[in-house]
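Numbering-wise, our numbering comes out as the position in the sequence shown, counting from 1, plus 220. Notes for the one structure printed next.
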Amino acid sequence: MNEEIRKLRAEIDNIDKNIIDLLIFRKELSDKIISEKKCNNISVYDRQRELEIVEKLKGEFSQNINPQLIEGVFREILFYSKADNYRINTNNKLFEVLNSEPFIIAGPCTIESEEQLCNIANHLSKSGIKLLRGGAFKPRTSPFSFQGMEDEGLALMKKIADKYSMYTVSEFTDSRQLNELYDLVDVIQIGSRNMFSYGFLKQIGQRTAQDKKPVLLKRGFQSTVNEFLLSAQYIINEGNPNVILCLRGIRTFEQIDSDLRNTPDLATILELKEKTNLKIVFDPSHACGRSKYVVKTSIAALELGADGLIIETHNKPEEALSDGKQSIKPIELERIIDYINKYF
Ligand code: PEP
Ligand code: MN
């Protein structure tokens, strides 16, 4: 090889080593900040600070280097600084999606038919969404309401998710489903009504202890924050730390005469950020119960530091078999996606 190239390559190798040394040093410093914050009960994640770091560098160096490159490189560096502070740090593709911040889980309240789910999944995957939700076992208030497509629905969802390279998120309501249908669901949802089913939480923790499959635990609509955290602990204690906390609104006096189905527990995101390192997802659909509020409360949740959103999305909300009033069309997600692309 040409001597000049060899010399230049040696210099580059040297620079790469220096970059790694600096990254290690940077991480040591940010670890110190994180432990200081934890001692003082300050939230670990500070989005404002992250935005400032990147904006400042872009301002100073935009003449010398492409600002998009600065953004991309620093997104990785900032993620690396806080990566240990998230429970979800396994290295498969699903965990990568859940670690990409923020992530969106979307899909219908209930799986209704192949045509319906295919139509929705097609739209969602075109928008880059990787996590498909859909209920097969619906804990309906009335036993006379549609209960879901059950086993057949989950098999359908898995088939469609595979077709669009998406992951499935669905609720189990009993241990039979957990054991027989385990492989059809990538992220196990536990519904608000089951947050207090301690026996079931333990079974889920035991069943997932081996593969550490993520469990999305919804807050009981009449639970306190500490009860919620303790329910998560039931699963963690059995050996699976990958619990995702989902805030989906709580029942308050508001429901006596307001239009809201629940009271969105948005500020609780801030509190949970201080109390736990678990991922926090906000569900604007059940929290508000009205599609017209979904986009704005989603953006508010992201502003407050939510790691992800779970949003009921239907191709024909007016014809949905459940929760149509709170479902938005896939196209309406674009406003949230635009926001994420702009600010994250
Ligand atoms: C759902 O996600 O469709 C659902 C039933 O939610 P929750 O358990 O929060 O009521
Ligand atoms: Mn629903």
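Ideal Cβ placement from N, Cα and C applies to all residues, glycine included. Being a predicted model, the structure only gives us computed values, none of them experimental.
Check: Cα-Cα separation between residue 401 and residue 533, rounded to whole angstroms; Outcome: 24 Å
Check: Cβ separation of residue 547 and residue 328, assumed to be a contact under 8 Å, to the nearest whole Å; Outcome: 7 Å
Check: Straight-line Cα distance separating residue 454 from residue 338; Outcome: 36 Å
Check: Residue 503 classed as buried or exposed, judged by whether at least 16 other C-beta atoms fall within 10 angstroms; Outcome: buried
Check: Beta-carbon separation (whole angstroms), residue 322 vs residue 529, contact threshold 8 Å; Outcome: 7 Å
Check: Near the ligand PEP: residue 506 beta-carbon under 6 Å from a heavy atom; Outcome: yes
Check: Distance cut-off 6 Å: residue 438 Cβ against heavy atoms of the ligand PEP; Outcome: yes
Check: Where the beta strand (DSSP E) containing residue 502 begins and where it ends; Outcome: 499-502
Check: Heavy atom of the ligand MN within 6 Å of residue 503 beta-carbon; Outcome: no
Check: Three-state secondary structure (DSSP) of residue 524; Outcome: coil
Check: With 16 other Cβ atoms within 10 Å as the buried cut-off, status of residue 373; Outcome: buried
Check: Supposed contact pair residue 536 and residue 510 - C-beta distance, whole angstroms, cut 8 Å; Outcome: Not quite, the Cβ-Cβ distance comes to about 17 Å (not below 8 Å), so this is no contact.
Check: For review: beta carbons within less than 5 Å of any heavy atom in the ligand MN; Outcome: 329 and 543
Check: Sequence-distant residues of its chain with Cβ nearer than 6 Å to residue 351 (five each side left out); Outcome: 325, 387 and 389
Check: Cβ-Cβ distance between residue 409 and residue 391 below 7 Å; Outcome: yes
Check: Distance between residue 282 and residue 230 (C-alpha atoms, nearest Å); Outcome: 28 Å
Check: In chain order, each alpha helix (DSSP H) run of at least 4 residues that lies wholly inside the region 444-477; Outcome: 445-457 and 474-477
Check: Local conformation of residue 483 per DSSP, three classes; Outcome: strand
Check: The region 449-465 contacting the region 476-485, beta-carbon criterion three pairs below 8 Å; Outcome: no
Check: DSSP-derived helix/strand/coil call for residue 306; Outcome: Here residue 306 scores only 48 on pLDDT, less than 50, and its place in the model should not be relied on; the value that follows carries that caveat. The answer is coil: DSSP assigns residue 306 none of H, G, I, E or B.
Check: Residues near residue 274 in its chain [Cβ-Cβ closer than 7 Å; skip 5 each side]; Outcome: 290, 291 and 294
Check: 8 Å CB neighbourhood of residue 221 in its chain, flanking five on each side removed; Outcome: none
Check: Residue 516 classed as buried or exposed, judged by whether at least 16 other C-beta atoms fall within 10 angstroms; Outcome: exposed
Check: Sequence-distant residues of the same chain with beta carbon closer than 6 Å to residue 426, five excluded per side; Outcome: 458
Check: Cβ-based burial, residue 378 [other Cβ within 10 Å; buried from 16]; Outcome: buried
Check: Collapsed DSSP secondary structure at residue 555 in the structure displayed; Outcome: helix
Check: Inside the region 367-403 only - alpha helix (DSSP H) runs reaching at least 4 residues; Outcome: 370-383 and 395-400
Check: Between the CA atoms of residue 407 and residue 279 - distance to the nearest angstrom; Outcome: 41 Å
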